[in-house]
Amino acid sequence: MAEDIVLYTHPFSRGRIIRWMLEEIGAPYKTEIMNFGAGMKSADYLSINPMGKVPAIVHGKKIVTECAAICAYLADAFPERDLAPAPEDRADYYRWMFFAAGPLEAAISNKALGFKVPDDRRTMIGYGSFEDVVDTLEAALKGKDYIAAGRFTAADVYVGSHIGWGLQFGTLEKRAEFQRYLGGLAKRPAFQRATQLDDEAAKNLEKN
């Protein structure tokens, strides 16, 4: 698609996921750094994302929010980049991307907040237990360089980002499979470009 892309983000946010995805796509895009608080709650930005959070993208006249949705959308919008499997081969692609968006993020967030699901209430919460989620993710990655389709896809951008944060902030154990998987993804030029761009944006914010 030839329409302009605008990324609304903050370097200390999940917007880093979408920066990486956009660098993998390779299409030109404009970056709007949004300040936490008043900037994200302004009327103009709320017309883009009523949640008042980043990231969001505007692609021509289309608005997409939620990181997993943005990754999936961009993979489909730019099929020439081959970042999504063929439709008939997307079972694992969708499964693990949305596993990360649902059970993994919820389990990690709750752990970070000090909340543990009581053993007798596990059936009431979608992910069951933190331990089950982490063990399931580890098993899905065992012996694999990529989470789906036997090659790099948008699902690796999303799953890899969650694992990266978990290892960085200590919300995931430094298991060998997680470190090996992330180490391979971190070698990608698009990942390195995105990291540099967000690190530079963070430094500029700290100066101001």
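Quick note: the sequence shown, position 38, residue 48 per this note's numbering, numbers continuous.
Here a beta-carbon is modelled for each residue, glycine too, at the ideal position from N, C-alpha and C.
{"query": "Supposed contact pair residue 62 and residue 50 - C-beta distance, whole angstroms, cut 8 Å", "result": "5 Å"}
{"query": "DSSP three-state assignment for residue 19, whether helix, strand or coil", "result": "strand"}
{"query": "Segments of 4+ residues assigned as alpha helix (DSSP H) that fall wholly inside the region 80–144", "result": "101–109, 115–122"}
{"query": "Neighbourhood of residue 165 by C-beta, 6 Å cutoff - its chain only, sequence neighbours within 5 removed", "result": "103, 106, 107, 157, 158"}
{"query": "Alpha carbon of residue 25 to alpha carbon of residue 217, nearest angstrom", "result": "20 Å"}
{"query": "Buried or exposed by the 16-neighbour rule on C-beta atoms within 10 Å, applied to residue 59", "result": "buried"}
{"query": "Rounded separation between residue 178 and residue 171 - CA only", "result": "10 Å"}
{"query": "Close Cβ partners of residue 91 (< 8 Å) along its chain, the five nearest in sequence each way excluded", "result": "34, 35, 36, 85"}
{"query": "Where residue 35 sits in the DSSP three-state scheme", "result": "helix"}
{"query": "For residue 74, three-class secondary structure by DSSP", "result": "strand"}
{"query": "Burial state of residue 22 (16 or more Cβ within 10 Å)", "result": "exposed"}
{"query": "Contacts around residue 52, its chain only, beta-carbon distance under 7 Å, and the 5 residues preceding and following it disregarded", "result": "none"}
{"query": "Three-state secondary structure assigned by DSSP to residue 148", "result": "helix"}
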